[in-house]
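Residue numbers (the numbering used here): 84 to 410.
Working notes, beginning with the structure itself.
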Ligand SMILES: [Zn+2]
Ligand SMILES: [Zn+2]
């Protein structure tokens, strides 16, 4: 399918800066009409053959430049539940990269040239998002030791405590990326996204961008969500236990009930920079503008540049702690 302008017949795209459909040919706003014809392997507009990768859900016709959304890859089991539409357009991303890297003296000149920047792509990356109702029951033994001196004698007093916690935590949308091409550490650095801005899926948000279907199903990837949830539960628990000299856990019991899974698309700008026969990938969070990547001169691994304005959003918790401490 493609989105065609009712006024001029051109291909309309979703504009992140306007937040609406936009026709770059006549400046029309929300003038789009969905058009379905032809097969999955031919351009809806000009009939030219399309080059389609294994996991692509959209592509751009090499002949006429139209953005084509592949019907059967946004349908049935591949229909996303949610999408976070792009909030930052290409021009702003280019400005951000320039601002961030022009102060770095060793950045090669070609790094931010018009020629290389024009190939930057906006990609909707597939994610699974898991909801859990979790409970953490904890029992442990704590001691507090007090030492003081009177005259020539040193006294030590040890108090023994029984520590009990019973926490209920609701996890809302723990994200796990479902794209093999996207390195996990890159996507983890790309977080957080502000999930308040998630929308019900509609194809129009994909017009003008590239998209991928999930490469692995939600059962296969669920362990990663559970690991994240377990780590957060442990951090929350540890935050409630302080002031002891020693703590020995005796019983830990975590139960997690899965309440839902949402197939979701999140926006990422990808910039591939080639320098001395090597590829350098840069990624920019399409909502917050957070930049992830490594420049040719910084030999370090993948880095995160700039700050992000959003706080950790997925642990919307209802947090009930039963505290019992007895000497
Ligand atoms: Zn138009
Ligand atoms: Zn075409």
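Note that CB positions come from ideal geometry on N, CA and C, so glycine has one too.
Integer Cβ distance of residue i from residue j, believed to fall under 8 Å
i: residue 226; j: residue 243; result: 6 Å
i: residue 169; j: residue 130; result: Actually they do not touch by this definition, with Cβ atoms about 29 Å apart.
i: residue 176; j: residue 367; result: 5 Å
i: residue 347; j: residue 265; result: 14 Å between Cβ atoms; not a contact.
i: residue 165; j: residue 319; result: Contact doesn't hold; Cβ gap of about 26 Å is too wide.
i: residue 351; j: residue 208; result: 5 Å
i: residue 85; j: residue 128; result: 6 Å
i: residue 194; j: residue 327; result: Their Cβ separation, rounded to whole angstroms, is 52 Å, which puts residue 194 and residue 327 out of contact at 8 Å.
i: residue 365; j: residue 354; result: 4 Å
Simplified DSSP assignment, three categories, for residue i
i: residue 110; result: coil
i: residue 229; result: strand
i: residue 169; result: coil
i: residue 306; result: helix
i: residue 143; result: strand
i: residue 185; result: coil
i: residue 99; result: coil
i: residue 213; result: strand
i: residue 128; result: coil
i: residue 218; result: strand
i: residue 120; result: coil
i: residue 208; result: strand
i: residue 284; result: coil
i: residue 296; result: coil
i: residue 159; result: helix
i: residue 317; result: helix
i: residue 223; result: strand
i: residue 178; result: helix
Beta strand (DSSP E) segment containing residue i, residue limits
i: residue 291; result: From DSSP, residue 291 is part of no beta strand (DSSP E); its letter is neither H nor E.
i: residue 355; result: 329-358
i: residue 272; result: First-last for residue 272: 267-273, but that is the alpha helix (DSSP H), not the beta strand (DSSP E).
i: residue 85; result: 85-88
i: residue 373; result: First-last for residue 373: undefined, no H or E at that position.
i: residue 257; result: 236-260
i: residue 150; result: 150-152
heavy atom of ligand 2 below 7 Å from residue i C-beta
i: residue 146; result: yes
i: residue 129; result: yes
i: residue 126; result: yes
i: residue 290; result: no
i: residue 175; result: no
i: residue 149; result: yes
Opening and closing residue of the alpha helix (DSSP H) in which residue i lies
i: residue 277; result: Unbroken run through residue 277: none, as it is neither H nor E.
i: residue 197; result: 197-200
beta-carbon residue i near ligand 1 non-hydrogen atom, thresh 7 Å
i: residue 114; result: yes
i: residue 93; result: yes
i: residue 90; result: yes
i: residue 111; result: yes
i: residue 353; result: no
i: residue 142; result: no
i: residue 108; result: yes
Cβ-heavy atom distance, residue i to ligand 4, below 7 Å
i: residue 318; result: Looking at this structure, you won't find ligand 4 anywhere; what it does contain is ligand 1 and ligand 2.
Checklist entry - Does the pairing of the region 356-373 with the region 265-283 give three or more beta-carbon distances under 8 Å? => result yes
Checklist entry - Would you call the region 302-314 and the region 148-166 in contact, with 3 or more CB pairs under 8 Å? => result no
Next on the checklist: Between the region 116-133 and the region 256-263, can you find at least three pairs of beta-carbon atoms closer than 8 Å?
Outcome noted: no
Next on the checklist: Is it the case that the region 281-295 contacts the region 196-215, given that we only count it when at least three CB pairs across the two stretches are under 8 Å?
Outcome noted: yes
Checklist entry - Are at least three pairs of beta-carbons, each pair with one atom in the region 341-351 and one in the region 315-324, less than 8 Å apart? => result no
Item to check | Inter-stretch contact at 8 Å, needing at least 3 Cβ pairs: the region 295-302 / the region 97-116 | outcome: no
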